[in-house]
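Numbering-wise (our numbering), the sequence shown opens with residue 432 and increments by one. Note that the Cβ used here is the ideal one computed from N, Cα and C, for glycine as well. Bear in mind that the values here come from a model prediction, so they are computed numbers and not experimental data.
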Amino acid sequence: MKEIIKIFEKYKGYARMKELRNQKIHSRKIAKAVSEGIIEKVKPGLYKLVNYPWDEHGSFADVCNSHKKAVICLTSAADYFELTTFKPSYITVAVPHNTPNFKLDYPPVQVYFFPNKYYESGIEVIETKSGIIRIYCKEKTIGDLFRYINKIGEDIAVESLKEYLKNRKERNIPKLLEYAEICDVKKKVEPMVKAILS
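Here you go:
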């Protein structure tokens, strides 16, 4: 099992079936490592090392590793940036509109299919101990929350906006309104910003 662990450590805790086969690891050995709890399956063909020094964003890295177009969005992004007290029970993730369905064995995800107009802007790439995560910036996250206000709830969208505006050093109102416009919610967001700040 030591050789399997070494391979996973080389790839920062993750390995694909293809990489394991290239290293002459037989599928029986992989199955044994899973049954012994050394590695776990994230999705077909992708595994992670259980005892790797993951940080609290390990599940975000799982999602971003499992699909190269996946971007953490909406309630999960709001939670990451500490804009909301709401703790989602699954990870909200955006992919481009025409992406084929993707399923993960773990963690639980709610996939949103964003048209390119909404998908492409505001993506930040953050390096964590658990690996690279792609996530929408705070301003784009707020725009998306207002865009999905009927599905997600007004309370989360408004709480996130208020929390964002509280931080005078980090808030960027022109940038916030620019993303509100990209998300077609400027008419909703702008009067609220004025009301909260007045």
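Of the residues the options, the one placed nearest residue i, counting alpha carbons only
i    : options                   : result
C614 : E555, G584, E551 and E558 : E551
K455 : E434, S507, K600 and K441 : E434
L477 : E467, T530, S466 and I461 : I461
F416 : P546, E601 and S458       : Residue 416 lies beyond the range of the chain shown here (432 to 629); nothing can be said about it.
Q541 : K449, E558 and L505       : L505
A492 : R459, L592, L535 and L451 : L535
Span separating the alpha-carbon of residue i from that of residue j
i    : j    : result
F517 : D510 : 7 Å
E590 : V556 : 25 Å
N386 : Y549 : Lying outside 432 to 629, the shown extent of the chain, residue 386 is not represented and no answer is given.
A508 : V620 : 18 Å
V481 : G468 : 7 Å
R578 : G562 : 29 Å
F544 : T530 : 7 Å
H457 : I470 : 14 Å
D586 : S629 : 20 Å
N453 : K437 : 14 Å
Distance cut-off 7 Å: residue i Cβ against heavy atoms of the ligand NAP
i    : result
A462 : Although the ligand NAP was asked about, the structure shown includes no ligands whatsoever.
Contact belief for residue i with residue j at Cβ below 8 Å, rounded distance in angstroms
i    : j    : result
Y521 : P539 : 4 Å
Query raised in the report: Taking only runs of the beta strand (DSSP E) that begin and end inside the segment 516-582, which ones reach a length of at least 3 residues, in chain order?
Result: 522-527, 540-545, 554-559 and 562-567
Query raised in the report: Counting Cβ pairs, one atom from each stretch, are 3 or more of them under 8 Å apart for the segment 560-580 and the segment 604-620?
Result: yes
Requested in this report: Answer yes if the segment 520-535 comes into contact with the segment 491-498, meaning at least three C-beta pairs across the two stretches below 8 Å, and no otherwise.
Outcome: yes
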